[in-house]
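> The opening residue of the sequence shown carries number 106 in the numbering used here; numbering runs sequentially from there. Yeah, the Cβ is synthetic: ideal placement off N, Cα and C, and Gly gets one too. Note that the structure is predicted; figures quoted are calculated from it, not measured.
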Amino acid sequence: MESREAGQHAGAADGAQEDVAFNLVILSLTEGLGLGGLLGNGAVLWLLSSNVYRNPFAIYLLDVACADLIFLGCHMVAIIPDLLRGRLDFPGFVQTSLATLRFFCYIVGLSLLVAVSVEQCLAALFPAWYSCRRPRHLTTCVCALTWACCLLLHLLLSGACTQFFGEPSRHLCRTLWLVAAVLLAVLCCTMCGASLMLLLQVERGPQRPPPRGFPTLILLAVLLFLFCGLPFGIYWLSRNLLWHIPHYFYHFSFLTAAVYCAAKPVVYFCLGSAQGRRLPLRLVLQRALGDEAELGAVRETSRRGLVDIAA
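Put into structure tokens, the structure is as follows:
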């Protein structure tokens, strides 16, 4: 009996060591991907900041890159205690701040992706209306409204679920997280519906060309979110709503979230690159936005024609 119990204890110890080693590998990969994502999104911010207003869709990419940059920065800092287990631990308010800020940037990035997919769908379904009658500052207003609404949700969750603004309320906190769960479901369904309509519209064209340029970028970003970004949202809602999730899903969702944010700049640069030619990175991003630049040119031409007629 004693030898059997000793064997069981040894097996449990070996299993625990294997779990620790596996978690360290996952967290190390997450840190590496996060560093690459910081560099990639920082490059996107730097390249788009100078000529962002030439293309309305570039404003979406700029805001998404900003949200991903903040998310990855908080993400990399938040998992340091897990990497250095037993040797470093953050105070409770620091952990809470990092957690709420990550979810805030996650919702902002998702909301912006939904907005750009819906607007791209409208541009494909109604090109004449979109090129001539689209409000000039629509993109700027949508981005500002997205940041403001997500900030309001962030403040409400911080006030109801933490001690930042007073005594937390369990009932109100759970209600707000249920609202966040419904919001996440609505955003995902809207994004998938708009992307499906965009794909069908492209495939239903006269010659059925393969999707290229900015429509391809949107479709790939949506697929990235569904396979890599969604697990983090599921984990975060499950954690705060006390739903049961497997233990391994904790670090898995962290890894996929880093993949999601780090892969988007790679998609931008791959779609804008030209085979057999070396192009400046700024031109590569402009090529990735080429289809929408053409819509912008049509819109400017129509406006000039109306001005000439009025004169």
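For a test of the three-state rule: what should DSSP assign to H242, helix, strand or coil?
If DSSP states are grouped into helix, strand and coil, H242 belongs with coil.
> Quick one, which of L129, N128, L143 has its alpha-carbon nearest A368's?
Comparing Cα positions, the closest option is L143.
> Classify W348 as helix, strand or coil using the three-state DSSP reduction.
It is coil, neither helix nor strand.
> Going by beta carbon distance, what residues of the same chain come within less than 8 Å of P370, once the five residues before and after it are set aside?
Within the same chain, P370 has close Cβ partners G142, G145, N146, A148, V149, A170.
> Beta-carbon within less than 7 Å of H259's beta-carbon, same chain only, minus the 5 sequence neighbours each way: which residues are those?
Closer than 7 Å at Cβ, skipping near neighbours: T205, F209.
> Taking all protein chains shown into account, decide if V213 is buried (16 or more other Cβ within 10 angstroms of its Cβ) or exposed.
Buried.
> Beta-carbon separation of A265 and C278 under 8 Å?
For A265 and C278, yes; Cβs fall inside 8 Å.
> Going by beta carbon distance, what residues of the same chain come within less than 7 Å of T135, once the five residues before and after it are set aside?
Result list for T135: I184, F359, L360, A363, in chain order.
> Would you kindly report the start and end of the unbroken alpha helix (DSSP H) that includes C179?
Element bounds for C179: 161-183.
> Can you tell me which of the three DSSP states L283 falls into?
Helix.
> Going by C-alpha to C-alpha distance, which of L140, V291, H356, I350 sits closest to S216?
Comparing Cα positions, the closest option is V291.
> Determine the direct distance from the alpha carbon of L325 to that of C306, and round the result to whole angstroms.
It is Gln, not Cys, that sits at residue 306 in the sequence shown. Computed Cα separation, rounded: 16 Å.
> Going by C-alpha distance, which of Y355, V219, L152, Y365 is nearest I131?
Closest by alpha carbon: Y355.
> From which residue to which residue does the alpha helix (DSSP H) around P196 run?
Segment: none, P196 is in no alpha helix (DSSP H) and carries neither H nor E.
> Rounded to whole angstroms, what's the CA-CA distance from R192 to V182? Just pull it up for me.
Approximately 15 Å, taken between the alpha carbons.
> Does the Cβ-Cβ distance between T244 and P161 come in under 8 Å?
In this structure, P161 lies closer than 8 Å to T244 by Cβ.
> What do you get for S419, buried or exposed, if any count of 16 or more other CB atoms within 10 angstroms of its CB means buried?
Nothing can be reported for residue 419, as the shown portion of the chain is limited to 106 through 416.
> Quick one: what does DSSP say T267 is sitting in, helix, strand or coil?
In this structure, T267 counts as coil in the three-state DSSP scheme.
> Buried or exposed: R207, going by 16 or more other Cβ atoms within 10 Å of its Cβ?
Looking at its Cβ environment, which holds 16 or more other Cβ atoms inside 10 Å, R207 is buried.
> Return yes when the Cβ of L188 is within less than 8 Å of the Cβ of L129, no when it is not.
Cβ distance < 8 Å, so L129 and L188 count as in contact.
> Buried or exposed: H194, going by 16 or more other Cβ atoms within 10 Å of its Cβ?
Checking the displayed sequence, the identity of residue 194 turns out to be Asp instead of His. The residue is exposed, with fewer than 16 neighbouring Cβ atoms inside 10 Å.
> Apart from the five residues just before and just after T251, which ones in its own chain have a Cβ nearer than 7 Å to its Cβ?
Cβ neighbours of T251 beyond the five flanking positions: V213, S216, L217, A220.
> Should L152 be labelled buried (16 or more other beta-carbon atoms within 10 Å of its own) or exposed?
It is buried - the Cβ of L152 has at least 16 other Cβ atoms within 10 Å.
> Which stretch, first to last residue, makes up the alpha helix (DSSP H) that contains Y373?
Start and end: 354-377.
> In whole angstroms, give me the CA-to-CA distance for L268 and C255.
The residue you asked about is not Leu; residue 268 is Gln in the sequence shown. Rounded to the nearest angstrom, the two C-alpha atoms are 20 Å apart.
> Rank D173, S222, C246, V247 by C-alpha distance to the C-alpha of Y211 and give the top, closest one.
Cα-wise, what sits closest to Y211 is D173.
> I'd like the span of the alpha helix (DSSP H) that includes R387, first residue to last.
Looking at the DSSP string, the run of the alpha helix (DSSP H) that includes R387 is 386-393.
> Please state if the CB of A229 and the CB of L329 are separated by a distance shorter than 8 Å.
In this structure, A229 does not lie closer than 8 Å to L329 by Cβ.
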